[in-house]
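These notes concern the structure reproduced below.
Protein chains: 2
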Amino acid sequence: MKLVALAVFLATAYAPVQALWPLPQHIETGSSTLRLAPTFQITVAGHGVPGDLVAAASRTKQYLFGDKLERLVVGRGAVDAPSFGHAKVLSRLTLSLERGASFASVTSEAQKAPEDRDEAYHLVLPADGSAATITANSTLGLFRGLTTFSQLWYEHDNTIYTVSAPVTIQDAPAYPYRGLMLDTARNYFPVSDIKRTLDAMSWVKINQFHWHIVDSQSFPLEIPGFTDLAQKGAYSSSQVYTPNDVRDIVSYAGERGIDVMIEIDTPGHTAIIAEAHPEYVACPGATPWATYANEPPAGQLRFADAKVTDYIAKLFTAVTAMFPSKLFSTGGDELNTNCYSIDEPTQASLNATGRTLEQALDAFTQETHKALEVKGKTPVVWEEMVLVHNVTLSKETKVLVWISSANVKAVAEKGFQLIHAASDYFYLDCGGGGWVGNNPDGNSWCDPFKTWQHSYSFDPTANLTAEESKLVLGGQHLLWTEQSSPQNLDPIVWPRAASSAELFWSGPGLNISTALPRLHDVAYRMRQRGVNAISLQPEWCALRPGACDLTA
Amino acid sequence: MKLVALAVFLATAYAPVQALWPLPQHIETGSSTLRLAPTFQITVAGHGVPGDLVAAASRTKQYLFGDKLERLVVGRGAVDAPSFGHAKVLSRLTLSLERGASFASVTSEAQKAPEDRDEAYHLVLPADGSAATITANSTLGLFRGLTTFSQLWYEHDNTIYTVSAPVTIQDAPAYPYRGLMLDTARNYFPVSDIKRTLDAMSWVKINQFHWHIVDSQSFPLEIPGFTDLAQKGAYSSSQVYTPNDVRDIVSYAGERGIDVMIEIDTPGHTAIIAEAHPEYVACPGATPWATYANEPPAGQLRFADAKVTDYIAKLFTAVTAMFPSKLFSTGGDELNTNCYSIDEPTQASLNATGRTLEQALDAFTQETHKALEVKGKTPVVWEEMVLVHNVTLSKETKVLVWISSANVKAVAEKGFQLIHAASDYFYLDCGGGGWVGNNPDGNSWCDPFKTWQHSYSFDPTANLTAEESKLVLGGQHLLWTEQSSPQNLDPIVWPRAASSAELFWSGPGLNISTALPRLHDVAYRMRQRGVNAISLQPEWCALRPGACDLTA
Chain Y
1 MKLVALAVFL ATAYAPVQAL WPLPQHIETG SSTLRLAPTF QITVAGHGVP
51 GDLVAAASRT KQYLFGDKLE RLVVGRGAVD APSFGHAKVL SRLTLSLERG
101 ASFASVTSEA QKAPEDRDEA YHLVLPADGS AATITANSTL GLFRGLTTFS
151 QLWYEHDNTI YTVSAPVTIQ DAPAYPYRGL MLDTARNYFP VSDIKRTLDA
201 MSWVKINQFH WHIVDSQSFP LEIPGFTDLA QKGAYSSSQV YTPNDVRDIV
251 SYAGERGIDV MIEIDTPGHT AIIAEAHPEY VACPGATPWA TYANEPPAGQ
301 LRFADAKVTD YIAKLFTAVT AMFPSKLFST GGDELNTNCY SIDEPTQASL
351 NATGRTLEQA LDAFTQETHK ALEVKGKTPV VWEEMVLVHN VTLSKETKVL
401 VWISSANVKA VAEKGFQLIH AASDYFYLDC GGGGWVGNNP DGNSWCDPFK
451 TWQHSYSFDP TANLTAEESK LVLGGQHLLW TEQSSPQNLD PIVWPRAASS
501 AELFWSGPGL NISTALPRLH DVAYRMRQRG VNAISLQPEW CALRPGACDL
551 TA
Chain Z
1 MKLVALAVFL ATAYAPVQAL WPLPQHIETG SSTLRLAPTF QITVAGHGVP
51 GDLVAAASRT KQYLFGDKLE RLVVGRGAVD APSFGHAKVL SRLTLSLERG
101 ASFASVTSEA QKAPEDRDEA YHLVLPADGS AATITANSTL GLFRGLTTFS
151 QLWYEHDNTI YTVSAPVTIQ DAPAYPYRGL MLDTARNYFP VSDIKRTLDA
201 MSWVKINQFH WHIVDSQSFP LEIPGFTDLA QKGAYSSSQV YTPNDVRDIV
251 SYAGERGIDV MIEIDTPGHT AIIAEAHPEY VACPGATPWA TYANEPPAGQ
301 LRFADAKVTD YIAKLFTAVT AMFPSKLFST GGDELNTNCY SIDEPTQASL
351 NATGRTLEQA LDAFTQETHK ALEVKGKTPV VWEEMVLVHN VTLSKETKVL
401 VWISSANVKA VAEKGFQLIH AASDYFYLDC GGGGWVGNNP DGNSWCDPFK
451 TWQHSYSFDP TANLTAEESK LVLGGQHLLW TEQSSPQNLD PIVWPRAASS
501 AELFWSGPGL NISTALPRLH DVAYRMRQRG VNAISLQPEW CALRPGACDL
551 TA
């Protein structure tokens, strides 16, 4: 047995890990060592190079020389040191657009509608030390190539090197929408936490930040013309996102190839609006809360009231001016009808107009969505708006499937483009125990914990016809923050959220065993860059690919 | 409904939270506001005051003026500000020993055997501004009183105050052993992380650090005379605990009223010893590992070999010199017999001596435990040593029940003192998903996640007779670190581990609903002191005690 075992260790210990994440569509690698010259330069060919691409190239250099990540093998970088002596040296990486393409900022390319984003790139790293090249049809593609390039290198004893030269990569994403959702309403996250998260997202080519910014518990968004909402609804004056903060976050994201989709969840999840406008909210703080809402506190917009509809339409209009994204989520989840049955003003509105609650909801939705569409925004809604309620939606409306992956088929059958966000695969907060008080052994409604392996094994087109499959825009992990805060943001998100990033970039059906060593590399590299990604295994396993597999 | 709801909010929003944790045995509080004088002093009466008590008093002052924690109510400290004007001012806290008691260092009192630790104290905080007092029979009691005193105060607008004066507390722990176990072998934790954890432990009066320092994956302890184990078995030369590190940690703990119990787990969980002494280890790296060990890598001490027994006895002796604690854990969990059935040297030893494997294990245990006992140490073992194996143990041996709380009764029936450490109540790592690779939907063996509420609801004497109940020394939370590392240490431990700290100090049967607001206070205060305790609920709930209860 011992001999067998030792043989296994040697094999795994010295097999170089090709640690790119997400895995490129097509890749060829060699086994030559190539060193990075201390004078290494990244140049961009052509005129009118946008500033955010130049900044990205300079950040890439900082990562190359700053990561100081030793390769994850037994003996770490010392194993590779013997090959440094006769290794060729790389002094230049050149980026250039394909013939006919013209420069636009990474930001503007990232903020296009998902279907219009061009993220494809071609990367060549010769083994002989001659210049490496990244070519693409867009600056966004060049940016993705830079991200890939930075993952090829390790450090040992002040030598920056790769053991996999030459490298040729032809790459493009399987799906145009690869997101991450963060809830900043249950608990507040400073701008610095959001920026750090955006950096980590860009490292694994996530291109969509879905910002669930407000909810029933707090309203931290300062909206010009509607500032009383944050003044009275934020947890404190220091827990507010000002228009400057939003500009800062949106531009920081754009420079990193990420579009910011804001969500103003309506008409449910709006109890906090009562702090500024009690007249607009039905059943605020009604108890028992469980009868009137899925979460405390109860309170929903009186959408049957024309004044409320007009108010929200104007609020949406004001918010569209803050976010350049083509996408705007209006929410629409978990509407509780009991709340309206005890709300006299709503009952009076319905009686006066002779409408049912559903008809009033339809009118509210059409009015508020119209306010978005005149501003060139595409509405995004949670699944209930097409599966539970019978509201009129433009056929461009995108649908977030969250309750269960079993509902994907029904949404597709209605012909809407959809985004995978199912709680049974992509909720980062599941498995941490129920958060409502007075609940001794209660665990979370969406137990168990969603492991990276589980998310990674998701099939985006399960049960869909070829036609329905075309409706899949992509998918994302989500963090609802009833039990999360800046204190555990990194550990609960990373590296798990990288699993959906690869699933929706590289496509489904990849092998979990071969992914694990690459994911270790992602986590270790994130730590070197200041993101607290957790350990997925004992370090002993991280250094021995496969040795801790169930079947090893 | 609205009126009812608003009434609820007002009631909860302005009900002062008595936020002490763990809850004292006897406490009387008033509702007067008392401010802390900027010149506030802590003095210790008597001669020969130990330096670590003086240091503790000075740390307490730093917390009082540095915490800057606003009270957790709607409106935070501003709610209390109106009462500042006519509030009395406290300028002094005096500590003194009861008549007849004499000063010894907090450290030496903390390092006594659990049953000899005197942690009782009497705290009086008058409302009229006259000096507050803490009296006790030991410096350790005075130290616990200081910890309680520091939890009474909040800050608003540079005013340090309490809204609960006068306060009278008579307190002592229900159980003498209140621990936290950390595994530093699966993944390594720098000394600074351990010190920060020791600080947080002391804030909730945990008095025992159970240090599972080595295991099959790595050997980070540098032991004088046995340095090859760490040289060859640590993850790297920078991931080692030197004798200086150990002295540093032990004294840091002692000054904070914490004893450090080291665990050198034998004869299982020892594969890494093969890196330095292959001749001492059976089936190192045997595959499939699942046949030969509960975790990769396989590998266990050849305890049937007299040379190995002698080596471990000498190793234990060397380790006893590094740790002043009366307790020393020798492990004894998860011994795999298949490993020995394929190990020719072990089979040869057994044949040569005519002993069974169990008889050899008994001899090994007696020899190695004798090495501890001559040094005045009490052996501590995992439950298998009394429930699975038939080894001879001194009746002073303490037993850690880990497999299941259902095994507590069986251990008590054998007459051993026991420490509650059951995986079904106190394992902090459960519910995070299985960590072995190639395991798509696998969740952790001890799912689900152990919520603080679940741990808190544990009954330490369930099914025990009055006599057996006397054998319960206390209990602890435990963190096995297959999927933990410095990146998630604070969030996975805090504030959850505070639930067992209160259970074993205040005693069982406390109310979860009234505990939650106090636990929020613990978490918020920890954050102010630099420990990343997570949020247990949305901040909206943290500011409204009871409003987010399931039944509210």
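Heads up: the sequence lines are chains Y and Z, in that order.
Each residue of the first sequence is one higher than the one before, starting from 1 at the first, in UniProt numbering.
Each residue of the second sequence is one higher than the one before, starting from 1 at the first, in UniProt numbering.
Glycine included, every Cβ here is placed at the ideal spot set by N, Cα and C.
All values derive from a computational prediction rather than experimental measurement.
Residue from the options with nearest C-alpha to residue i
i, options, result
"Z/Pro288", "Z/Pro278, Z/Tyr154, Z/Gly299 and Z/Val281", "Z/Gly299"
"Z/Tyr161", "Z/Ala56, Z/Leu53, Z/Lys68 and Z/Leu464", "Z/Lys68"
"Y/Trp505", "Y/Thr309, Y/Gln208, Y/Asp52 and Y/Pro50", "Y/Gln208"
"Y/Gly509", "Y/Asp183, Y/Met385, Y/Ala174 and Y/Asp80", "Y/Ala174"
"Y/Asn443", "Z/Arg59, Z/Ser513, Z/Thr451 and Z/Trp445", "Z/Thr451"
"Z/Ala271", "Z/Ala304, Z/Ser216, Z/Ala290 and Z/Lys314", "Z/Ser216"
"Z/Arg525", "Z/Thr33, Z/Glu98, Z/Gly66 and Z/Glu28", "Z/Gly66"
"Z/Gln170", "Z/Asp52, Z/Ala230, Z/Pro284 and Z/Pro22", "Z/Pro22"
"Z/Leu393", "Z/Asp116, Z/Ala421, Z/Thr514 and Z/Phe364", "Z/Phe364"
"Y/Pro297", "Z/Gln537, Z/Gly85 and Z/Thr33", "Z/Gln537"
"Z/Ser423", "Z/Val250, Z/Thr184 and Z/Ser405", "Z/Ser405"
"Z/Ala547", "Y/Glu373, Y/Gln417, Y/Thr461 and Y/Gly437", "Y/Gly437"
Residue environment, residue i, which counts as buried when at least 16 other CB atoms sit within 10 Å
i, result
"Z/Thr356", "exposed"
"Y/Gln62", "exposed"
"Y/Ala466", "exposed"
"Z/Ser202", "buried"
"Y/Glu255", "buried"
"Z/Ala7", "Reliability fails at Z/Ala7, whose pLDDT of 35 lies under 50, so the model's placement of it is uncertain and no value is given."
"Z/Trp480", "buried"
"Z/Ser192", "exposed"
"Z/Asp157", "exposed"
"Y/His369", "buried"
"Y/Ala498", "buried"
"Y/His47", "exposed"
"Z/Trp445", "exposed"
"Y/Arg544", "buried"
"Z/Ala533", "buried"
"Y/Gly433", "buried"
"Y/Phe487", "A quick correction: the sequence has Gln, not Phe, at residue 487 of chain Y. Its Cβ being crowded by 16 or more others within 10 Å, Y/Gln487 is buried."
Length of the line joining the Cα atoms of residue i and residue j
i, j, result
"Y/Gly415", "Y/Asp429", "30 Å"
"Z/Thr320", "Z/Leu473", "22 Å"
"Y/Ala348", "Y/Tyr340", "11 Å"
"Y/Gly273", "Y/Glu384", "Here residue 273 of chain Y is Ile; the residue named in the question, Gly, does not match the sequence. Answer to the nearest angstrom: the Cα atoms are 22 Å apart."
"Y/Leu72", "Z/Thr159", "52 Å"
"Z/Gln25", "Z/Ala165", "18 Å"
"Y/Leu180", "Y/Ile206", "7 Å"
"Z/Glu482", "Z/Glu295", "10 Å"
"Y/Leu478", "Y/Gln453", "16 Å"
"Y/Trp494", "Z/Gly475", "32 Å"
"Y/Ala57", "Y/Val44", "9 Å"
"Y/Arg258", "Y/Val124", "Per the sequence shown, residue 258 of chain Y should be read as Ile rather than Arg. Taking the straight line joining both Cα atoms gives about 25 Å."
"Y/Leu471", "Y/Thr147", "28 Å"
"Z/Leu335", "Z/Ile492", "28 Å"
Checklist entry - Hey, is the region 33-43 of chain Y in contact with the region 90-100 of chain Y, meaning 3+ C-beta pairs nearer than 8 Å? => result yes
Checklist entry - Would you call the region 131-145 of chain Y and the region 107-122 of chain Y touching, i.e. three or more CB-CB distances under 8 Å? => result yes
Checklist entry - Are the region 94-112 of chain Y and the region 139-154 of chain Y touching by the rule of at least three beta carbon pairs closer than 8 Å? => result yes
Checklist entry - With a cut-off of 8 Å, do at least 3 Cβ pairs link the region 175-194 of chain Y to the region 230-244 of chain Y? => result yes
Checklist entry - What are the start and end residues of each continuous alpha helix (DSSP H) run of 4 or more residues lying completely inside the region 472-509 of chain Y, in chain order? => result 489-493 and 498-506
Item to check | Three CB pairs or more closer than 8 Å across the region 319-334 of chain Z and the region 259-271 of chain Z | outcome: yes
Next on the checklist: I'd like to know if the region 218-227 of chain Y and the region 514-523 of chain Y are in contact, where contact means that at least 3 CB-CB pairs between them fall below 8 Å.
Outcome noted: no
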